[in-house]
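If you're matching positions, the sequence shown starts at 0 in numbering that gives the first Met the number 0 and goes up one per residue.
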Amino acid sequence: MPLRHLYGLTARLLITLCIAWAPTGVSAQQSIRPEIGKALQDIQNLLASDAQQALQKAQSLTQSGELRPSESLLLDRLWAVAAIRTQQHALALERLEALLSRADVSAEDRRQFLVLAVQVSQALKAWDKV
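Structure below.
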């Protein structure tokens with residue numbers, strides 16, 4: 000499978016995960032604040048047209064202050080997608096590893112992130128990560 004095709008499939012998979020995730024059952028302390036939710040939505044909308052700008056906005060949001068766990072989970076997902084779309088493999092792997100280290104990631108999502116991490120590691124030729 001050509002690497003370009005792989006990136007398209009990978010990005011679509013992560014975007015689907017981002018869209019499908021909803022903070023149902025999350026306590027009020029962990030819900031997504033409206034201003035953060037809007038910023039996350041803006042990043043997600045940018046992914047289709049300008050992944051580089053989405054990556055910059057993700058970085059800016061990270062540096063803007065304290066994020067709740069539910070907010071940082073979504074941000075890490077979006078950041079991983081943007082890094083994959085811009086072929087910044089090291090950053091993508093960093094974000095995927097951050098997602099894999101979280102206790103609040105479901106087993107199903109963990110498996111998908113692990114597959115993506117292996118694919119990105121192969122693209123980086125980071126055989127120690129595979």
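Yeah, the Cβ is synthetic: ideal placement off N, Cα and C, and Gly gets one too.
Which residues in the same chain have their Cβ closer than 6 Å to the Cβ of K56, if we skip the five residues on either side of it in sequence? I42
For the alpha helix (DSSP H) containing T61, name the first residue and the last one. 50 to 62
Check Q87 in the structure and name its three-state DSSP category. coil
How about I35 and L66: do their beta carbons lie closer than 8 Å? yes
Just tell me which of D49, S30, L123, L54 has its CA closest to the CA of A89. L123
Close Cβ partners of A116 (< 8 Å) along its chain, the five nearest in sequence each way excluded: L92, L95, E96, L99, K128
Going by C-alpha to C-alpha distance, which of A38, A47, S48, A50 sits closest to S59? A38
Which of helix, strand or coil DSSP assigns to K166: Examination of residue 166 is not possible in this model, given that the chain is present from 0 through 129 alone.
Given A50 as reference, the closest of S69, R109, Q111, I83 once Cα atoms are compared: I83
Along the alpha helix (DSSP H) that carries E107, what are the first and last residues, could you check? 106 to 123
Which one of L113, E70, V104 has the shortest CA to CA distance from Q40? E70
Under the three-state reduction of DSSP, which class applies to A47: helix, strand or coil? helix
Length of the line joining the Cα atoms of L46 and D75: 14 Å
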